[in-house]
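Enquirer:
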Amino acid sequence: MSEKLVIKDLAKSFSVNGGKLEVLKGINLTIADGEFVAIVGHSGCGKSTLLKIIAGLETQDTGICDMDGQAITQPGFDRGMIFQEHRLLPWLTIEKNVALSLNSHSKADCAARVDKYLSMVKLNDFKTAYPSQLSGGMSQRAAIARAMAPSPDVLLLDEPFGALDAMTKIELQDEVKELRKKEKSTMVMVTHDIEEAVYLADRVIVMAANPGRIRDIVTISLGEERDRGSADFTVYRKKIYDYFFESKVQEPEYVI
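Each number in the numbering used here corresponds to the 1-based position in the sequence shown with 73 added.
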């Protein structure tokens, strides 16, 4: 596979109370075209900040963050982003919310894309509804359709199912798997849900905090069809859980 995202020696800090707080330090990561990578870690380890740098919503202090060999300096339609909250505009219908990401497309192409992606997330019958008329899961489906409609090369997911009930979360995880299979997009997800990471990702990036850095990278060799109750699935889940119950956080041993 060719390289889609390349991050080298990336560091990021914020000014807090007149001082400097290191959020990310020495991040080195290469993500292949079409790969699904999940990033897990304690709150405050910088995983969402890293996702925002890839999205072009934040800039690093030092190091590089390239996509297809070009430095990422601003947001672009080549990267779609889904947040924990759906962020739909309440005064627009669902079809018009999805069409917001397609302002550079012709009217006919826009309509075709809206229909295509609302159909993929099973919302074609609700395209004239307003966000207030949908459940939380349906609203997040609409947010996924909006992010996918421009056919981004990279889809970034920041805790997209964190606010949903358990059954709705599982349904949407399966829909994301199907979208990935159909669209062949590269996907990078930030999540606190280790089971979700093992279920969806090709690799899981385990981060440590203070400052945020990569502790380990776990390759999930389970194939496309994954059984959450299998022994192999449990082994991967436990391996990642164990990082969060160790009393001492070690420095990363290698660079990818």
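Glycine residues also receive a C-beta, built at the ideal position from the N, C-alpha and C atoms. Quantities reported herein were computed from a predicted structural model and do not represent experimental measurements.
1) According to the neighbour-count rule (16 or more other Cβ atoms, all chains shown, within 10 Å of its Cβ), is residue 114 buried or exposed?
2) Mind checking which residues open and close the alpha helix (DSSP H) that includes residue 235?
3) What alpha helix (DSSP H) runs, 4 residues minimum, are completely inside the stretch 154-242?
4) Have a look at residue 281 and residue 83 and give me their C-alpha separation to the nearest angstrom.
5) Note down the Cα distance separating residue 97 from residue 236, rounded to an integer number of angstroms.
6) Residue 288 by DSSP, collapsed to three states: which one?
7) State the start and end residues of the unbroken alpha helix (DSSP H) segment that holds residue 275.
8) Taking the straight line between their C-alpha atoms, what separation do you get for residue 305 and residue 245?
9) Give every residue of the same chain whose Cβ lies closer than 6 angstroms to the Cβ of residue 80, excluding the five residues on either side of it in the sequence, and list them in chain order.
10) Report all residues from its chain with a CB closer than 8 angstroms to the CB of residue 314; omit the five preceding and five following residues, and keep chain order.
11) In chain order, which beta strand (DSSP E) runs of at least 3 residues are fully inside the stretch 89-146?
12) Please report how far the alpha carbon of residue 279 lies from the alpha carbon of residue 230, in whole angstroms.
13) Just tell me which of 262, 106, 283, 78 has its CA closest to the CA of residue 277.
14) What's the C-alpha gap between residue 290 and residue 202?
15) With a 10 Å radius around its C-beta and 16 neighbouring C-beta atoms as the bar for buried, classify residue 273 as buried or exposed.
Expert: Once the coordinates are examined:
1) Within the sequence shown, the letter at position 41 stands for residue 114. When all chains shown are included, residue 114 counts as buried.
2) Against the sequence shown, residue 235 aligns to sequence position 162. It is not in any alpha helix (DSSP H) - residue 235 carries neither H nor E in the DSSP assignment.
3) 167-172, 180-193, 209-221
4) What you label residue 281 is simply residue 208 of the sequence shown in a count that begins at 1. What you label residue 83 is simply residue 10 of the sequence shown in a count that begins at 1. Each residue's alpha carbon lies about 15 angstroms from the other.
5) Position 24 of the sequence shown holds residue 97. Position 163 of the sequence shown holds residue 236. So the alpha carbons of these two residues sit roughly 26 angstroms apart.
6) Taking the sequence shown and counting its residues from 1, one reaches residue 288 at position 215. Strand, per DSSP.
7) Translated into the one-based positions of the sequence shown, residue 275 becomes position 202. Counting along the chain, residue 275 falls outside any alpha helix (DSSP H), and DSSP gives it neither H nor E.
8) Position 232 of the sequence shown, counted from the first residue, corresponds to residue 305. Position 172 of the sequence shown, counted from the first residue, corresponds to residue 245. Cα to Cα, the separation comes out at about 23 angstroms.
9) As a working note, residue 80 is residue 7 in the sequence shown. Counting only Cβ-Cβ distances below 6 angstroms, and skipping sequence neighbours, we find 100, 102, 138.
10) Here residue 314 corresponds to residue number 241 of the sequence shown, with the count starting at 1. Correct list, in chain order: 267.
11) 92-105, 109-113, 135-140
12) The count along the sequence shown starts at 1 and reaches residue 279 at position 206. The count along the sequence shown starts at 1 and reaches residue 230 at position 157. Residue 279 and residue 230: Cα-Cα distance of roughly 16 angstroms.
13) Indexing the sequence shown from 1 puts residue 277 at position 204. It is 262.
14) Stepping through the sequence shown from its first residue, residue 290 is reached at position 217. Stepping through the sequence shown from its first residue, residue 202 is reached at position 129. Each residue's Cα considered, the two are about 42 angstroms apart.
15) Against the sequence shown, residue 273 aligns to sequence position 200. With 16 or more Cβ atoms within 10 Å of its Cβ, residue 273 is classed as buried.
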